Amino acid sequence: MADLLGSLLNSMQTPPGVGQSRQVKEQRARLEKLQQQEKRYKSEFRKKMELAITEFIQDASQQRKQFDNLGRLERTILHDVAEVADLASMAFGDDEELKQVLVYKKEFSPSEEELDKMRGGVSAVRVPSPSPSPSSSELQPRPQRRSRGIEARLRAGAQTLTAREVYGCVPAANKRDTRSIEQTLHELKERKKLRLDTLQDASVPSPGSQHDAEAPERPPPTHDAPDTPTTDNHT
1 MADLLGSLLN SMQTPPGVGQ SRQVKEQRAR LEKLQQQEKR YKSEFRKKME LAITEFIQDA
61 SQQRKQFDNL GRLERTILHD VAEVADLASM AFGDDEELKQ VLVYKKEFSP SEEELDKMRG
121 GVSAVRVPSP SPSPSSSELQ PRPQRRSRGI EARLRAGAQT LTAREVYGCV PAANKRDTRS
181 IEQTLHELKE RKKLRLDTLQ DASVPSPGSQ HDAEAPERPP PTHDAPDTPT TDNHT
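Number 102 in the UniProt record's numbering belongs to position 102 of the sequence shown; there are no gaps in the numbering.
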């Protein structure tokens, strides 16, 4: 009876190695799922940053844009997007995991004083100070008293402004990026593709250089100067 019970228990047990192989398959499946999720997240985050950078480029009133609480992966993607867009970026913050990233147009780089404030936790994005509200006395209409000289200067200024508008002399403050968001995003993708192609071409050695390295050609011996063995001095 004991022998029969033992044989039944042995038949019910899982053969050696089957449970371990099933566990390995489950771990591999979980790993592949996590990799797919990370790949999808990176693609979606890059698209989000490209759209934000595109809007930042088109807005002439913005000189800098700050992104808060970004991890290592997010900071790497944002730095790459900014570099492709020909912008400068820098990360700062006391926390090693979550940091702030400042993206700015290269002609508006922060000063040393601003960098110290950024390290102290002060935002580097310049916020224009609100203009003081006019008093009630200033809102009341005043009698128009213009001398002849003032009216002449006003007419001359109006003529100068009209001439500038006709001949294209527009102030820099009125200049705007007329490209659409789709056009700017397309340019960013083209720059990224060109950059990847350049890096790939630089990493692949040419066949001619490899052949020369494997079998260097030696000049034929001459009758006047017989070949002499040479030694390499390694210093």
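Quick reminder that beta carbons are idealized off the backbone N, C-alpha and C, glycines included.
Treat the numbers as computed from the prediction; the structure is a model and nothing was measured.
Nearest residue (CA-CA) to residue i, options the options
i      : options                         : result
Leu102 : Thr76, Gly120, Arg119 and Phe67 : Phe67
Asn69  : Gln20, Gln100 and Gln27         : Gln100
Glu182 : Leu115, Leu98, Lys65 and Thr54  : Thr54
Leu188 : Val81, Leu34, Gln63 and Glu107  : Val81
Lys105 : Glu113, Glu114 and Gln63        : Gln63
Lys192 : Lys47, Ser111 and Pro110        : Lys47
Pro110 : Lys39, Glu26 and Ala88          : Ala88
Straight-line gap, residue i to residue j (C-alpha atoms, nearest Å)
i           : j      : result
Tyr41       : Leu78  : 13 Å
Glu214      : Thr198 : Caution applies to Glu214, whose pLDDT of 44 falls short of 50 and renders its modelled position unreliable; the value that the coordinates give is listed next. If I take the Cα positions, the gap works out to 26 Å.
Glu116      : Leu31  : The residue you asked about is not Glu; residue 116 is Asp in the sequence shown. Their Cα atoms are separated by approximately 43 Å.
Met90       : Thr76  : 11 Å
Asp59       : Lys65  : 11 Å
Arg119      : Asp95  : 11 Å
Ser43       : Val84  : 16 Å
Asp232      : Arg72  : Note on Asp232: pLDDT 45, under 50, position unreliable in the model; the coordinate value appears next. For Asp232 and Arg72, the distance between alpha carbons rounds to 48 Å.
Gln20       : Gln35  : 23 Å
residue 297 : Ile57  : One cannot answer for residue 297 here, as it falls past the ends of the chain, which runs 1 to 235.
Val127      : Glu107 : Reliability fails at Val127, whose pLDDT of 45 lies under 50, so the model's placement of it is uncertain and the value that follows must be treated cautiously. Val127 and Glu107: Cα-Cα distance of roughly 18 Å.
Lys175      : Ser61  : For Lys175, the pLDDT reaches just 45, beneath the cut-off of 50, and the residue's location in the model is therefore unreliable, although a value from the coordinates is still provided. Roughly 10 Å separates the two Cα atoms.
Ala29       : Arg22  : 11 Å
Ala202      : Glu113 : 40 Å
Asp86       : Lys33  : 35 Å
Ala52       : Glu26  : 39 Å
Gln200      : Gln37  : 26 Å
Lys39       : Thr184 : 24 Å
Glu190      : Leu196 : 10 Å
Whole-Å CB distance - residue i paired with residue j, under 8 Å assumed
i     : j     : result
Glu74 : Phe45 : 6 Å
Buried or exposed (CB count within 10 angstroms, at least 16 for buried), residue i
i      : result
Leu194 : exposed
Val24  : exposed
Ser131 : Only weak support is given to the placement of Ser131: the predicted model assigns it a pLDDT of 46, under 50, and the value that follows is read from those uncertain coordinates. That one is exposed.
Glu50  : buried
Residue span of the alpha helix (DSSP H) that contains residue i, given as start and end
i      : result
Asp116 : Glu112 to Arg119
Residue span of the beta strand (DSSP E) that contains residue i, given as start and end
i      : result
Leu87  : Careful: Leu87 lies outside any beta strand (DSSP E) and carries neither H nor E.
Gln100 : Lys99 to Tyr104
Asp68  : Arg64 to Leu70
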